[in-house]
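**Q** Shown below is the structure under consideration.
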Amino acid sequence: EDQVTQSPEALRLQEGESSSLNCSYTVSGLRGLFWYRQDPGKGPEFLFTLYSAGEEKEKERLKATLTKKESFLHITAPKPEDSATYLCAVRYMDSNYQLIWGAGTKLIIKP
Amino acid sequence: DTEVTQTPKHLVMGMTNKKSLKCEQHMGHRAMYWYKQKAKKPPELMFVYSYEKLSINESVPSRFSPECPNSSLLNLHLHALQPEDSALYLCASSSRGPEGAGGYTFGSGTRLTVV
Chain A
1 EDQVTQSPEA
11 LRLQEGESSS
21 LNCSYTVSGL
31 RGLFWYRQDP
41 GKGPEFLFTL
51 YSAGEEKEKE
61 RLKATLTKKE
71 SFLHITAPKP
81 EDSATYLCAV
91 RYMDSNYQLI
101 WGAGTKLIIK
111 P
Chain B
1 DTEVTQTPKH
11 LVMGMTNKKS
21 LKCEQHMGHR
31 AMYWYKQKAK
41 KPPELMFVYS
51 YEKLSINESV
61 PSRFSPECPN
71 SSLLNLHLHA
81 LQPEDSALYL
91 CASSSRGPEG
101 AGGYTFGSGT
111 RLTVV
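Chains as they are written, first to last, in the working numbering: chain A, 1 to 111; chain B, 1 to 115.
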């Protein structure tokens with residue numbers, strides 16, 4: 001069964017404490033893995049697209065990496081404004097326009 | 001500021017009302033989407049328009065009726081909704097069409113409450 005699993009469900013960090021969020025997927029023929037950030041009551045904000053194993057992308061304190069089975073979102077020296085829910089979504093070979101979404105990781109950064 | 005604009009931001013409607021949600025983008029994207037999101041859940045796809053033609057309808061009840069007047073506008077007409085339809089309704093667009101690669105740009109959403 002095609003699915004996307006994110007862990008942990010919630011993560012509390014102190015400001016400056018680096019960590020990683022995980023997105024594992026089981027799909028045939030990955031055609032893109034997407035990371036989004038969502039603030040309460042707002043629409044998801046696009047962060048990164050990764051297409052192939054070994055690919056990495058960075059934006060400010062965030063770095064996304066991809067292997068054949070999972071993706072990591074590394075957060076370096078986070079600040080309270082990085083607090084949000086981080087969503088992972090996958091498009092695969094037979095999905096057409098469908099994205100399979102993970103349930104998200106709620107990240108809380110305490111000052 | 002998001003490049004996908006949704007109005008209204010909040011909507012409270014009775015079960016016998018008719019209302020419409022509106023979405024607009026000026027990025028030249030040719031695919032537009034309606035999603036529904038319940039609290040603490042990921043977005044659920046409702047409709048996909050590709051080049052102004054409806055190409056996906058995910059078995060959504062007929063009380064939801066999408067409309068794409070042109071490549072920049074997307075509406076969602078609501079009629080006889082149920083309280084369980086209360087949710088955040090998100091509009092999104094993408095540049096390459098739904099079958100292509102690339103991320104979606106989401107609007108800020110309309111918070112709908114059905115009373």
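Where a beta carbon is used, it is the ideal one built from N, C-alpha and C, also for glycine.
None of these values were measured; they are calculated from a predicted model.
What separation, rounded to the nearest whole angstrom, lies between the Cα atoms of R116(A) and L47(A)?
**A** This structure cannot settle anything about residue 116(A), because the visible part of chain A is limited to 1 through 111.
**Q** Identify, in the order they occur along the chain, each residue of the same chain with its Cβ nearer than 7 Å to the Cβ of L30(A), setting aside the five sequence neighbours on each side.
**A** Taking the first residue of the first sequence as 1, we reach residue 30(A) at position 30. Sequence-distant partners of L30(A) (beyond 5 residues in either direction) whose C-beta falls short of 7 Å from its own C-beta, in its chain, are V90 and Y92.
**Q** How is the beta strand (DSSP E) around P42(B) delimited, first residue to last?
**A** Counting from one through the second sequence, the residue named residue 42(B) turns up at place 42. For P42(B), there is no enclosing beta strand (DSSP E), since its DSSP letter is neither H nor E.
**Q** If you run the structure through DSSP and keep just helix, strand and coil, what is E9(A)?
**A** For the purposes of this step, residue 9(A) is taken as residue 9 along the first sequence, with counting starting at 1. Reduced to three states, the DSSP call for E9(A) is coil.
**Q** Mapping DSSP to helix, strand and coil, what is P83(B)?
**A** Counted from its first residue, the second sequence places residue 83(B) at position 83. Three-state result, P83(B): helix.
**Q** Could you pull the start and end residues of the beta strand (DSSP E) that L66(A) belongs to?
**A** As a position in the first sequence, residue 66(A) is number 66, starting the count at 1. Run containing L66(A): L62 to L66, per the beta strand (DSSP E) assignment.
**Q** Where does P80(A) sit, in a helix, a strand or coil, going by DSSP?
**A** Counting from one through the first sequence, the residue named residue 80(A) turns up at place 80. Looking at P80(A) - three-state DSSP - the assignment turns out to be helix.
**Q** Measuring only from the beta carbon, is E58(B) closer than 6 Å to any heavy atom that is part of the ligand MG?
**A** Among the components modelled here there is no ligand, and therefore nothing to report on the ligand MG.
**Q** What residues of chain B sit near K42(A), judged by a beta carbon separation below 8 Å?
**A** Position 42 of the first sequence, counted from the first residue, corresponds to residue 42(A). Simply S108 and G109.
**Q** Express the C-alpha separation of S20(A) and G54(A) in angstroms, rounding to a whole number.
**A** Position 54 of the first sequence holds residue 54(A). Position 20 of the first sequence holds residue 20(A). Rounded to the nearest angstrom, the two C-alpha atoms are 17 Å apart.
**Q** So is P66(B) in contact with chain A if we call contact Cβ pairs under 7 Å?
**A** Stepping through the second sequence from its first residue, residue 66(B) is reached at position 66. Among the CB atoms of chain A, none fall inside 7 Å of the CB of P66(B).
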